[in-house]
Amino acid sequence: MMRERYINAALLGGLLLVVFWAYTGDEPFTITLATRVAILALAGVGLNIALGQGGLVSLGHAVFFGIGGYAMGILASHAQSYQPLTLGPLVIEGTKSMPLIWLTAMVASGIAALLIGLVSLRTGGVYFIMITLAFGQMFYYFAISWPAYGGEDGLSIYVRNGFPGLNTLDPIQFFGLCFALLLAALAFHAAFKHAPFGLALNAARQSPDRAQAVGLDPTRLRLIAFVISGVITGLAGALFADLNRFVSPTMFSWQLSGELLIFIILGGTGRLCGPVAGAAMFIALEHWLGGLSEYWHIYLGALLLGVVLFAPGGLIGIATRREAAHD
Amino acid sequence: MSLLELRNVSASYGPAQALFDVSLDIAEGEVLALMGRNGMGKSTTVKAICRMLPTGGVLRFAGHDLAPLPSHRAARLGIGLVPEGRRCFAPLTVAENLTAAARSGDWTMARVCELFPRLAERSGQVASTLSGGEQQMLAIGRALMTNPRLLILDEATEGLAPLIRAEIWSALTRLRDGSDMAILVIDKSLAELRRVADRAVILERGRTVWTGTFETLDAATTDRFLGV
Numbered sequence: 007m008m009r010e011r012y013i014n015a016a017l018l019g020g021l022l023l024v025v026f027w028a029y030t031g032d033e034p035f036t037i038t039l040a041t042r043v044a045i046l047a048l049a050g051v052g053l054n055i056a057l058g059q060g061g062l063v064s065l066g067h068a069v070f071f072g073i074g075g076y077a078m079g080i081l082a083s084h085a086q087s088y089q090p091l092t093l094g095p096l097v098i099e100g101t102k103s104m105p106l107i108w109l110t111a112m113v114a115s116g117i118a119a120l121l122i123g124l125v126s127l128r129t130g131g132v133y134f135i136m137i138t139l140a141f142g143q144m145f146y147y148f149a150i151s152w153p154a155y156g157g158e159d160g161l162s163i164y165v166r167n168g169f170p171g172l173n174t175l176d177p178i179q180f181f182g183l184c185f186a187l188l189l190a191a192l193a194f195h196a197a198f199k200h201a202p203f204g205l206a207l208n209a210a211r212q213s214p215d216r217a218q219a220v221g222l223d224p225t226r227l228r229l230i231a232f233v234i235s236g237v238i239t240g241l242a243g244a245l246f247a248d249l250n251r252f253v254s255p256t257m258f259s260w261q262l263s264g265e266l267l268i269f270i271i272l273g274g275t276g277r278l279c280g281p282v283a284g285a286a287m288f289i290a291l292e293h294w295l296g297g298l299s300e301y302w303h304i305y306l307g308a309l310l311l312g313v314v315l316f317a318p319g320g321l322i323g324i325a326t327r328r329e330a331a332h333d
Numbered sequence: 008m009s010l011l012e013l014r015n016v017s018a019s020y021g022p023a024q025a026l027f028d029v030s031l032d033i034a035e036g037e038v039l040a041l042m043g044r045n046g047m048g049k050s051t052t053v054k055a056i057c058r059m060l061p062t063g064g065v066l067r068f069a070g071h072d073l074a075p076l077p078s079h080r081a082a083r084l085g086i087g088l089v090p091e092g093r094r095c096f097a098p099l100t101v102a103e104n105l106t107a108a109a110r111s112g113d114w115t116m117a118r119v120c121e122l123f124p125r126l127a128e129r130s131g132q133v134a135s136t137l138s139g140g141e142q143q144m145l146a147i148g149r150a151l152m153t154n155p156r157l158l159i160l161d162e163a164t165e166g167l168a169p170l171i172r173a174e175i176w177s178a179l180t181r182l183r184d185g186s187d188m189a190i191l192v193i194d195k196s197l198a199e200l201r202r203v204a205d206r207a208v209i210l211e212r213g214r215t216v217w218t219g220t221f222e223t224l225d226a227a228t229t230d231r232f233l234g235v
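So the protein sequences, as listed, match chains R and Z. Using the numbering used here, the letters of the first sequence correspond one by one to residues 7 to 333. Using the numbering used here, the letters of the second sequence correspond one by one to residues 8 to 235.
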């Protein structure tokens with residue numbers, strides 16, 4: 007347990023060191039890469055609550071990432087064009103305020119997760135995977151055929167949204183914001199794991215029958231976890247859209263859902279900083295190997311195979327020499 | 008008035024009927040022994056009470072009809088189960104096993120650890136690394152943490168060393184004497200059941216064939232239905 011804590015601290019400290027090195031060496035692109043790691047790790051933390059704690063293999067988590075992204079895109083584009091969004095009697099002015107956008111993204115993702123969870127959690131195993139994938143594809147094709155917000159071409163936002171007291175256009179400040187949110191999500195996950203709800207969810211994952219025998223309702227526990235997971239992933243989506251100042255249907259794609267799963271498996275399923283390790287490894291491989299060959303996914307595949315076959319505890323499992331996540 | 012009432016209960020595993028006509032009652036604070044040879048329907052009766060099987064007949068607990076309830080709702084009414092084979096949440100620690108099941112009431116972790124001091128010593132240890140006896144204590148503690156009105160123990164001393172069995176029976180005696188919780192206990196040790204339980208019910212091929220106090224349980228009945 008202590009060992010994993012040190013590794014987690016080293017991992018997060020390492021990310022900060024890279025950013026510090028990039029800042030002093032005037033390497034803004036490296037700061038952008040580190041920001042990407044922080045945001046994707048945040049999305050991974052969201053999925054890790056559903057997958058690592060609840061055992062829910064969701065192949066549709068990009069839905070929440072995309073909803074977060076489009077919440078940002080829609081609100082910012084209306085603020086940008088000074089044209090309010092009219093939904094029946096409701097007239098919504100756009101906004102360039104990050105806190106408001108985050109709140110909208112989290113509420114919208116949470117509602118979507120609740121509705122998707124109510125349907126998909128009636129099933130289990132491979133059926134759950136297929137239903138979440140189907141929802142993902144529904145949202146993807148809806149976004150493609152939504153010309154008001156760019157359709158297949160996506161939607162550009164010219165200026166990054168603002169946060170009180172910060173210059174978000176400064177890469178280091180935007181990184182700091184994303185990193186702080188990642189730390190908050192990790193702290194929440196750590197507390198969640200050891201709280202009665204988290205333990206009950208873990209118990210329900212291990213044995214739904216035994217959990218029911220002590221009065222726990224596995225479906226309800228999973229639904230709540232799925233909603234929490236969707237909310238965090240939605241927040242990451244809003245940040246990701248702000249990082250790129252662009253949203254497109256690819257934020258809903260099943261490939262992105264797969265990548266989120268890869269982060270977690272690479273880092274270690276259920277491990278607190280598994281998504282951070284996985285996202286960092288993924289971005290590093292994409293950056294370095296992507297420069298050598300456009301077929302860099304082959305190496306990623308080989309690494310994933312190696313982890314699944316020889317290190318089921320993921321990269322953090324290798325470092326701690328423990329297979330099961332229990333800290 | 009009975010806390011638990013079963014009338015003409017039947018139950019099946021798919022096409023195979025396991026219970027045909029089981030009837031029993033347990034009053035508040037009473038200890039009832041459910042006896043019978045292997046395969047006669049004792050564990051199936053427990054599953055029927057805990058709503059792990061679809062059933063026919065009447066099942067009432069504290070005035071509630073159990074039949075339409077899912078398993079977790081029955082447990083929340085106050086039915087605490089110590090399942091056959093212990094079945095703790097293996098990767099969770101002792102303390103986490105107890106916390107995961109906890110509901111508000113008189114039974115707290117401190118009280119469970121008072122009943123089983125070994126659990127206090129092992130509170131940070133993962134359940135899968137406990138000995139069989141300790142896992143059994145944890146399974147009982149976990150059921151108690153739900154603050155049940157009825158505690159069901161299905162073969163709680165099976166496969167345990169004599170010293171550990173004695174410890175479990177001693178704990179059950181303290182539970183009987185120190186609370187108004189009803190207990191339904193299934194075990195192969197007739198001598199211990201005689202010492203702990205107020206009454207007994209014997210099942211034979213999925214039917215209730217005998218009900219009464221141990222004073223009225225004669226050798227012919229035990230010989231015929233229990234093979235003792």
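Glycine included, every Cβ here is placed at the ideal spot set by N, Cα and C.
Give a yes or no on whether the minimum CB-CB distance between residue 205/R and chain Z is below 8 Å. yes
So if I threshold CB-CB distances at 7 Å, which residues from the segment 186 to 212 of chain R count as touching chain Z? 202, 205, 206, 208, 209, 212
Give a yes or no on whether the minimum CB-CB distance between residue 153/Z and chain R is below 8 Å. yes
Measuring only the C-alpha atoms, how far is residue 322/R from residue 51/R? 15 Å
Excluding the 5 residues flanking residue 258/R on each side, which residues of the same chain have their C-beta closer than 7 Å to its C-beta? 68, 69, 72, 142, 145, 146, 149
Buried or exposed for residue 47/Z, please, with buried defined as at least 16 other CB atoms from any protein chain shown within 10 angstroms of its CB. buried
Three-state secondary structure assigned by DSSP to residue 294/R: helix
At the 8 Å Cβ level, is residue 160/Z part of the contact set with chain R, yes or no? no
Can you tell me whether residue 219/Z is helix, strand or coil according to DSSP? strand
Output yes or no for whether 8 Å exceeds the beta carbon distance between residue 162/R and residue 251/R. yes
Using DSSP with H/G/I as helix, E/B as strand and the rest coil, what is residue 252/R? strand
Going by C-alpha to C-alpha distance, which of 240/R, 101/R, 47/R sits closest to residue 116/R? 240/R
Run through chain R and tell me which residues come within less than 7 Å of residue 61/Z, C-beta to C-beta. Those within 7 Å of residue 61/Z in chain R number zero; the least Cβ separation is about 15 Å.
Go through the segment 100 to 163 of chain R residue by residue and report every complete run of the beta strand (DSSP E) that reaches 3 residues or more, in order. none
Nearest candidate by alpha-carbon position, reference residue 87/R, set 137/R, 195/R, 155/R: 155/R
Contact set between residue 274/R and chain Z, taken where Cβ atoms lie within less than 9 Å: By Cβ distance, chain Z contributes nothing, its closest Cβ being about 14 Å from residue 274/R, past 9 Å.
If we call anything under 8 Å between Cβ atoms a contact, is residue 80/R one with residue 65/R? no
Quick test of your reading: residue 95/Z and residue 78/Z, contact by CB under 8 Å. State the CB separation rounded to the nearest angstrom. Not quite, the Cβ-Cβ distance comes to about 18 Å (not below 8 Å), so this is no contact.
Just the Cα atoms here: how many angstroms apart are residue 237/Z and residue 210/R? No information on residue 237/Z is available, as it lies outside the stretch 8 to 235 that chain Z covers here.
Do you know offhand how far residue 100/R's Cα is from residue 110/R's? 11 Å
Beta carbon of residue 134/Z nearer than 8 Å to that of residue 145/Z: yes
Given 8 Å, three or more beta-carbon pairs between the segment 267 to 275 of chain R and the segment 19 to 37 of chain R: no
Continuous beta strand (DSSP E) assignments of at least 3 residues falling wholly in the segment 18 to 106 of chain Z: 23 to 34, 38 to 42, 62 to 68, 86 to 89
Reducing DSSP to helix, strand and coil, say where residue 167/R ends up. coil
Identify the continuous beta strand (DSSP E) that holds residue 207/Z and give its terminal residues. 206 to 211
Measuring CB atoms only, is the segment 146 to 165 of chain Z touching the segment 182 to 197 of chain Z, in the sense that at least three cross pairs come out at less than 8 Å? yes
Does chain R have any CB closer than 8 Å to the CB of residue 103/Z? yes
Using only alpha-carbon positions, find the residue among 308/R, 30/R, 28/R, 249/R that is nearest to residue 168/R. 249/R
Helix, strand or coil at residue 162/Z [DSSP, three-state]: coil
Do you know offhand how far residue 318/R's Cα is from residue 71/Z's? 46 Å
If contact is defined by three or more beta carbon pairs under 8 Å, each pair taking one atom from either stretch, is the segment 175 to 187 of chain Z in contact with the segment 61 to 75 of chain Z? no
Who are the Cβ neighbours of residue 222/Z in its own chain at under 8 Å, not counting the five residues just before and after it? none
Quick one, are the C-beta atoms of residue 228/Z and residue 28/Z less than 8 Å apart? no
For a contact defined as C-beta to C-beta under 7 Å, what are the partners of residue 248/Z on chain R? The requested residue 248/Z does not occur in the structure, where chain Z is confined to residues 8 to 235.
Cβ of residue 68/Z less than 8 Å from any chain R Cβ? no
Look at residue 220/Z and residue 202/Z and say whether their C-beta atoms are less than 8 Å apart. no
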